[in-house]
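Data block below; observations after.
2 protein chains.
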Amino acid sequence: MTFKAPDSLSEQIARHLGEKIITGELKAGERIQELRVAGELDVSRGSVREAYLILERRHLIDILPRRGAVVSEMTPRHVRNVYEVNILLLTQLARRATPVWQESDLPEFLQLLDEMDGYLQRNQAIDFHNASFRFARMAYRFAENPYLEEILEDLQPLMRRTYYYAIRTAKIEMEKSMKMFRDLMECILSRNTDGAVKTLELFGQHQCETVLAFLENAQGS
Amino acid sequence: MTFKAPDSLSEQIARHLGEKIITGELKAGERIQELRVAGELDVSRGSVREAYLILERRHLIDILPRRGAVVSEMTPRHVRNVYEVNILLLTQLARRATPVWQESDLPEFLQLLDEMDGYLQRNQAIDFHNASFRFARMAYRFAENPYLEEILEDLQPLMRRTYYYAIRTAKIEMEKSMKMFRDLMECILSRNTDGAVKTLELFGQHQCETVLAFLENAQGS
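Sequence order for the protein chains is A and B. Position one of the first sequence corresponds to residue 1 (our numbering), numbered consecutively onward. Position one of the second sequence corresponds to residue 222 (our numbering), numbered consecutively onward.
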């Protein structure tokens, strides 16, 4: 995969709207009006329509005939479904990466883990989570599979969105995540592929349950 | 997932160009010119650009800054990569579907297998392969995971494209495929999830090797 630079106008619009969906400013089921977006951002309707296609690919909106773009649903079932696919793909990444890394690959991973420790100490939940995505991205090169990479990248905004639903995640949760990252790294260091897969599965399931618990609390309140 | 009907103009353009890529009329590395497509099909450039985004999502083109749309590469490595991801997702579908189907779900699957037997007898390779995709599609409802479904749907054109590279597939290959479908069905019928997963993995690997063998022959000739 090539990270496209510079971003096209439609990519910029997609990022702008995407952040609003991820952070919850635009809510599930809300309609996004093409004309209004074009007016507010002073861009053509064509560029907005292109942005919609990018957001649809990233699972953040649905494009409905005659109704236009609608922010995609985010029910407990959606959360379970996106975690299921994400865990499946991340464990495949671990299966490919664990046997093949070289000594010279290690420093940047160990450095990132230390960085995450810092976010944990300072209770910076968002930075912590962004760093955990970077951990996966840094591992892409070992899988050498651009399709796996693209699909994971397209799921990433939705994973961030589920996380914002659980934004009040307690520090104890970050500590658990940090411990799981350390366990994962230990498996990787000892070339224990099965252990890395198992750790990631448990990690993903735990995170999923955490998000679901907050989601249910939020709906109950 | 909802199958969107009626297709938008950009979806129709994407299908039109997609078929040319899948069948090899447009070749890997070939540039697709926006103005020319717009002129030939008598549509706006905006609609063509939207179609490009759909084709990019389906892994059939790359959109490059300043160069526009280019038909994506299809080297042996690409074939291995797309099979890796496709097998991963299809085995997950089998894991979800095998334990939960009901007696009333069976007839349409058994009927499809008979239909495939017919294509095999009449040596209709393309119909046979299209039917094998329908088999997977009919199983989506058991996984109840729209993300899994969307990702498989987005990979499907590329899987068809790899198949066209091996269009001269001998009848013996179709017979092997048919046997594997029968084995898969037997595992599903006996709720043997591990067996279904294993059969699919072997099936996918074998198909991948077949495509690769043809690809290497074609390059050598």
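Beta carbons: idealized from backbone N, C-alpha and C, even for Gly. If you're wondering where the values come from, they're calculated on a predicted model, not measured in any experiment.
Quick one: which chain A residues come within Cβ less than 7 Å of arginine 278 of chain B?
Residues of chain A passing the Cβ test: Arg57.
Quick check: what's the CA-CA separation for aspartate 105 of chain A versus leucine 158 of chain A?
Whole-angstrom Cα-Cα distance: 29 Å.
What are the residues that DSSP puts in a beta bridge with glycine 68 of chain A?
In DSSP, glycine 68 of chain A forms a bridge with A:Leu64.
Between the alpha carbons of leucine 238 of chain B and leucine 247 of chain B, how many angstroms are there, rounded?
So the alpha carbons of these two residues sit roughly 8 Å apart.
So, are the CB atoms of alanine 38 of chain A and arginine 45 of chain A less than 9 Å apart?
Yes.
Any Cβ of chain A within less than 9 Å of the Cβ of isoleucine 393 of chain B?
No, no contact with chain A.
Roughly how many whole angstroms lie between the Cα atoms of leucine 9 of chain A and serine 47 of chain A?
Each residue's alpha carbon lies about 7 Å from the other.
Excluding five sequence neighbours on each side, which residues of the same chain lie with their C-beta closer than 6 Å to the C-beta of alanine 360 of chain B?
The residues are Leu314, Ala318.
Out of B:Pro367, B:His350, B:Asn413, state which residue places its alpha-carbon closest to the alpha-carbon of methionine 399 of chain B.
Considering only alpha carbons, the answer is B:His350.
Pick from B:Val303, B:Gln233, B:Arg403, B:Pro328: whose alpha carbon is nearest that of valine 264 of chain B?
Minimum Cα distance to valine 264 of chain B is reached at B:Gln233.
Measure from the C-beta of lysine 225 of chain B to each C-beta in chain A and report whether the shortest distance is under 9 Å.
Per-residue confidence for lysine 225 of chain B stands at a pLDDT of 45, beneath the threshold of 50, marking its modelled position as unreliable; no derived number is given.
Inspect the CB distances between the segment 77-84 of chain A and the segment 99-114 of chain A and report whether three or more fall short of 8 Å.
Judged by Cβ distances under 8 Å, the segment 77-84 of chain A makes no contact with the segment 99-114 of chain A, as fewer than three pairs qualify.
Is the CB-CB distance between leucine 310 of chain B and leucine 376 of chain B below 9 Å?
Taking 9 Å as the Cβ cut-off, leucine 310 of chain B and leucine 376 of chain B qualify as a contacting pair.
So, does the CB of serine 132 of chain A fall closer than 9 Å to a CB anywhere in chain B?
No, no contact with chain B.
Just to confirm before moving on: does the CB-CB distance between glutamate 201 of chain A and threonine 91 of chain A stay below 9 Å?
Yes, they are a contact pair.
Per DSSP, isoleucine 32 of chain A is paired with what?
Its beta-bridge partners are A:Ala69.
Would you kindly check if the distance between the Cβ of phenylalanine 109 of chain A and the Cβ of glutamate 180 of chain A is under 9 Å?
Looking at the sequence provided, one finds methionine at residue 180 of chain A rather than glutamate. Result no, Cβ atoms of methionine 180 of chain A and phenylalanine 109 of chain A do not sit closer than 9 Å.
Tell me where the alpha helix (DSSP H) around threonine 296 of chain B begins and ends.
Premise fails: threonine 296 of chain B is in no alpha helix (DSSP H) and is neither H nor E.
Of all the options B:Asp228, B:Pro367, B:Phe356, which has the alpha carbon lying nearest to the alpha carbon of arginine 66 of chain A?
For arginine 66 of chain A, the nearest C-alpha among the options comes from B:Asp228.
For leucine 41 of chain A, tell me which candidate among A:Gly29, A:Asp194, A:Ala14, A:Leu53 has the shortest Cα-Cα distance.
Answer by Cα proximity: A:Ala14.
Can you find the residues in the same chain that come closer than 8 Å, C-beta to C-beta, to leucine 333 of chain B, ignoring five residues on each side of it along the sequence?
Contacts found: Ala352, Arg355, Phe356, Met359.
Helix, strand or coil, according to DSSP, for threonine 231 of chain A in the structure here?
This structure does not reach residue 231 of chain A, given that chain A is present from 1 up to 221, and the question cannot be answered.
With a Cβ-Cβ cutoff of 9 Å, do asparagine 145 of chain A and glutamate 305 of chain B count as a contact?
Contact: yes.
For a cutoff of 9 Å on Cβ pairs, would you count glycine 245 of chain B as touching chain A?
Answer no: the Cβ-Cβ gap between glycine 245 of chain B and chain A never drops below 9 Å.
Could you check if lysine 225 of chain B is buried or exposed, using at least 16 other CB atoms within 10 Å of its CB as the buried criterion?
Note on lysine 225 of chain B: pLDDT 45, under 50, position unreliable in the model; no value is reported.
Rounded to the nearest angstrom, what separates isoleucine 22 of chain A and valine 82 of chain A at their Cα positions?
Using only the alpha carbons, I get a separation of about 14 Å.
Answer with yes or no whether the minimum CB distance from arginine 382 of chain B to chain A is below 9 Å.
For arginine 382 of chain B, the answer is no, since every Cβ of chain A falls outside 9 Å of its Cβ.
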